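One line per chain: the protein sequences are S and B, in this order. Following the working numbering, the numbering of the first sequence begins with 8 at its first residue and continues without gaps. Following the working numbering, the numbering of the second sequence begins with 55 at its first residue and continues without gaps. Cβ atoms here follow ideal geometry from the backbone N, Cα and C, with glycine treated the same way. Keep in mind that this is a model prediction, so the values were computed, not measured. Below is one structure, written out as structure tokens; comments come after it.
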Amino acid sequence: QITLKESGPTQVKPTQTLTLTCTFSGFSLRTTGVGVGWVRQPPGKALEWLGVIYWDDDEFYSPSLKSRLAITKDTSKNQVVLKMTNMNPVDTATYYCRGINDGLDAFDVWGQGTMVTVSS
Amino acid sequence: QSVLTQPPSVSAAPGQKVTISCYGSSSNIGNNYVSWYQQFPGTAPKLLIYDNKKRPSGIRDRFSGSKSGTSATLGITGLQTGDEADYYCGAWDSSLSAEVFGTGTKVIVL
């Protein structure tokens, strides 16, 4: 069974850096084709893709947020970390991590999400 | 910010069929696979359809996906009150080297 869970602060101040950790089980980031990504959703709004890191260390980011984002992985701990700098109230959203595999044993499983509020 | 366009809502009576369209371009839907997600209020999205028309294990065949050119369609037959949710399409965009999602569609069961 594949599970993912996000952890981190529920509130950050403007200009601060947000650090969220995704801890997962049921798959490995050593497996070819596997990736862990991040998606956010402001209250009442649509999903917004943030980025993904793959088993081979390939990283892709949303062009509009690329300068503020960094995604890293710790394969031994089954964790992926998202860092977003210079947080702003418009970044208030629920942040989801998701495990994906584009290969034969395809999967696309999401964590429960964590709400992050940006406020002074 | 959504690159893919969906109708805000669709509705039908129980037992009927609804279709949700997703319009994109050659850089995303036109040349890449489309996925569909179902999201109930306060919960995470769940994969319904991947690779345009494949269903993950456990997804009923009431849900179907198709693609033609730069648009994709999600169909739901035998509509149930439990299908009331938001539905999103998604696809890789080769020009952006990023995944893009649709604007989202609320399904209303009358």
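Comparing alpha carbon positions, the residue from S:I60, S:K84, S:D98 and S:L54 closest to G33 of chain S is S:K84.
Scanning the stretch 27 to 56 of chain S from its first residue to its last, the whole beta strand (DSSP E) runs of 3-plus residues come out as 41 to 48.
In the structure shown, K121 of chain B falls within a strand segment according to DSSP collapsed to helix, strand and coil. Note: E66 of chain S is bridge-paired with S:I60 in the DSSP secondary-structure output.
In the pairwise beta carbon analysis, the stretch 18 to 37 of chain S is classified as not touching the stretch 125 to 140 of chain B: fewer than three pairs are separated by under 8 Å. Your pair D137 of chain B and V163 of chain B checks out as a contact, with CB atoms roughly 6 Å apart and the cut at 8 Å. Note that the C-beta distance between S151 of chain B and S81 of chain B is not below 8 Å. Contact of S120 of chain B with chain S is not assigned, every C-beta pair being separated by 8 Å or more. Neighbourhood of P99 of chain B in chain S, by CB distance below 7 Å: L54 and W117, in chain order. Taken atom to atom, the span from the alpha-carbon of S74 of chain S to that of S122 of chain B is near 35 Å. Bounds of the beta strand (DSSP E) holding V123 of chain S are T121 to V125.
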